[in-house]
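Undergrad: 0 is the number of the first residue of the sequence shown in numbering that gives the first Met the number 0; add one for each residue after it.
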Amino acid sequence: MKNQKRLSRNSKKLERWVVKAGSNMICSGGPILLRAWMNQVSRLRKEHSVEVIWVSSGAIATAVDRTDFKKKKRTLSEKQALSAIGQPLVMDLYNIALQTQGQLGAQVLLTYDDLTNRTRKQNFQNTLEQLLDWKVTPILNENDAVATEEIKFGDNDSLSARIAKAMNADRLVILTDVEGLYDSDPRVNKKAKRIEELKGVPSSLLKSVEMASGKAAGTSRGTGGMVSKLGAAKLACQAGIETWLVKGDSPQVLLAVAENKLIGTRIKK
Ligand code: GLU
Numbered sequence: 000m001k002n003q004k005r006l007s008r009n010s011k012k013l014e015r016w017v018v019k020a021g022s023n024m025i026c027s028g029g030p031i032l033l034r035a036w037m038n039q040v041s042r043l044r045k046e047h048s049v050e051v052i053w054v055s056s057g058a059i060a061t062a063v064d065r066t067d068f069k070k071k072k073r074t075l076s077e078k079q080a081l082s083a084i085g086q087p088l089v090m091d092l093y094n095i096a097l098q099t100q101g102q103l104g105a106q107v108l109l110t111y112d113d114l115t116n117r118t119r120k121q122n123f124q125n126t127l128e129q130l131l132d133w134k135v136t137p138i139l140n141e142n143d144a145v146a147t148e149e150i151k152f153g154d155n156d157s158l159s160a161r162i163a164k165a166m167n168a169d170r171l172v173i174l175t176d177v178e179g180l181y182d183s184d185p186r187v188n189k190k191a192k193r194i195e196e197l198k199g200v201p202s203s204l205l206k207s208v209e210m211a212s213g214k215a216a217g218t219s220r221g222t223g224g225m226v227s228k229l230g231a232a233k234l235a236c237q238a239g240i241e242t243w244l245v246k247g248d249s250p251q252v253l254l255a256v257a258e259n260k261l262i263g264t265r266i267k268k
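Below, the structure is given as structure tokens:
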């Protein structure tokens, strides 16, 4: 039904992507990377007929970077409060980056519950459809002040898959700080090879990545991160959505995905 709507209001079919940017990427890349991303969002629409729903982490990490709060072990409520400090700072960066493209962004904060409650889900869908119709880029994050699922585990990976499903997206693109999924941990094994393409996420693969991340606990943040990313890809696949795991700061990474270049790991449905 939404496909039909997308068709009728644009005369040619728009593809819809959900793109998720992780905390590490946002903090290490800063305003320059965000500007490069928003430039690509604008080009995706113009050159590839792709509209983007953006999911951004980085609120807590940005608050930690900008304040004296350097304590490593943080309570849940401290993380929530940090997120409330960091969220407007992250949005400032997105707004500046979008303004340089002559575009507007819109902040939408949500929780898992918003996607399971029928009325709230419908309201969420209506708001996003309207923003996309106005060519305004929705920038989403978990509402950490009232929900803690993604703070505990996941960095918005799972939430982005659920958003992709709710918004009937065609692709989920996860921007991360590694090149993709490897056949073994590239930090431990120099001969590790990147997996270019997968059909679905086999349970055996998910299990072996889970085990590898368990063994390397504390030293292998990337592998641990891969568990939640594969979980998100599995969820997306089940909803008929293709997932790409790609390195977020590769030059023109989103345009490369649009051109189906052999980058990262492409997980076909
Ligand atoms: N919603 C969190 C943020 O924006 C996700 C990051 C995390 O899990 O630490 O900071």
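All C-beta atoms in this analysis are idealised placements derived from N, C-alpha and C, irrespective of residue type, glycine included.
1) What is the DSSP secondary structure of residue 94, counted as helix, strand or coil?
2) With the cut-off set at 8 Å, would you say residue 155 and residue 108 are in Cβ contact?
3) Compute every distance between the C-beta of residue 149 and the non-hydrogen atoms of ligand 1, then say whether any falls below 7 Å.
4) Between residue 51 and residue 40, how many whole angstroms is the CB-CB distance? I'm expecting something under 8 Å.
5) If contacts are defined as beta-carbon pairs under 8 Å, then residue 127 and residue 166 qualify, I think. What distance do you get, rounded to the angstrom?
6) Is it the case that the Cβ atoms of residue 247 and residue 20 are separated by a distance below 8 Å?
7) Assign residue 292 to one of two classes, buried (16 or more other C-beta atoms within 10 Å of its C-beta) or exposed (fewer than that).
8) Nearer than 7 Å: is that true of the beta carbon of residue 155 relative to any heavy atom of ligand 1?
9) For residue 66 versus residue 89, is the C-beta spacing smaller than 8 Å?
10) By alpha-carbon positions, which one of 153, 45 and 191 ends up nearest to residue 257?
11) Using three-state DSSP, classify residue 137 as helix, strand or coil.
12) Quick one: does the C-beta of residue 143 sit closer than 7 Å to a heavy atom of ligand 1?
13) Tell me where the alpha helix (DSSP H) around residue 35 begins and ends.
14) Excluding the 5 residues preceding and the 5 following residue 149 in the sequence, name in chain order all residues of the same chain whose CB lies nearer than 6 Å to its CB.
15) Could you pull out every unbroken beta strand (DSSP E) segment of at least 3 residues lying fully inside the segment 163 to 192, listed in chain order?
16) In the DSSP assignment, the alpha helix (DSSP H) including residue 252 goes from what residue to what residue?
17) Candidates 33, 134, 100 and 201: which alpha carbon is nearest residue 57's?
18) Please determine, among 87, 59 and 262, the residue with the shortest C-alpha to C-alpha distance to residue 79.
19) Measure the beta-carbon distance from residue 200 to residue 244 and round it to whole angstroms, keeping in mind my assumption that it falls under 8 Å.
20) Can you have a look at residue 191 and say buried or exposed, based on whether 16 or more other CB atoms are within 10 angstroms of its CB?
TA: Taking the structure as given:
1) Taking the first residue of the sequence shown as 1, we reach residue 94 at position 95. Of the three classes helix, strand and coil, the one that applies to residue 94 here is helix, per DSSP.
2) Sequence index remark: in the sequence shown, residue 155 carries index 156 (1-based). Sequence index remark: in the sequence shown, residue 108 carries index 109 (1-based). Their beta carbons are not under 8 Å apart, which means residue 155 does not touch residue 108 by this criterion.
3) The residue given as residue 149 occupies position 150 in the sequence shown. Flag set: Cβ of residue 149 near ligand 1.
4) In the sequence shown, residue 51 corresponds to position 52, counting from 1. In the sequence shown, residue 40 corresponds to position 41, counting from 1. That belief holds up - the Cβ atoms of residue 51 and residue 40 are roughly 5 Å apart, short of 8 Å.
5) Here the question's residue 127 lines up with position 128 in the sequence shown. Here the question's residue 166 lines up with position 167 in the sequence shown. Yes, they are in contact, since the Cβ atoms of residue 127 and residue 166 sit about 6 Å apart, within 8 Å.
6) Working through the sequence shown from its first residue, we reach residue 247 at position 248. Working through the sequence shown from its first residue, we reach residue 20 at position 21. Contact flag set, yes.
7) The question about residue 292 has no answer, for the chain in this structure spans 0 to 268.
8) Numbered from 1 along the sequence shown, position 156 holds the residue referred to as residue 155. Checking the Cβ of residue 155 against ligand 1 gives yes.
9) Along the sequence shown, read from residue 1 onward, the residue named residue 66 stands at position 67. Along the sequence shown, read from residue 1 onward, the residue named residue 89 stands at position 90. For residue 66 and residue 89, no; Cβs fall outside 8 Å.
10) Here residue 257 refers to the residue found at position 258 of the sequence shown. It is 45.
11) To locate residue 137, count along the sequence shown from 1; it is residue 138. Here residue 137 sits in strand by DSSP.
12) Taking the first residue of the sequence shown as position 1, residue 143 is located at position 144. It does: the Cβ of residue 143 is within 7 Å (strictly closer) of some heavy atom of ligand 1.
13) Start at 1 with the first residue of the sequence shown, and residue 35 comes out as number 36. From DSSP, the alpha helix (DSSP H) with residue 35 extends over 22 to 47.
14) Walking along the sequence shown from the start, residue 149 turns up at place 150. 141, 155 and 158, listed in sequence order.
15) 170 to 175
16) Numbered from its first residue, the sequence shown carries residue 252 at position 253. Start and end: 252 to 257.
17) Numbered from 1 along the sequence shown, position 58 holds the residue referred to as residue 57. Measuring from the Cα of residue 57, the nearest candidate turns out to be 33.
18) Here the question's residue 79 lines up with position 80 in the sequence shown. Checking every option, the nearest Cα to that of residue 79 belongs to 59.
19) Numbered from its first residue, the sequence shown carries residue 200 at position 201. Numbered from its first residue, the sequence shown carries residue 244 at position 245. Not a contact, Cβ separation roughly 11 Å.
20) Along the sequence shown, read from residue 1 onward, the residue named residue 191 stands at position 192. Exposed is the call here.
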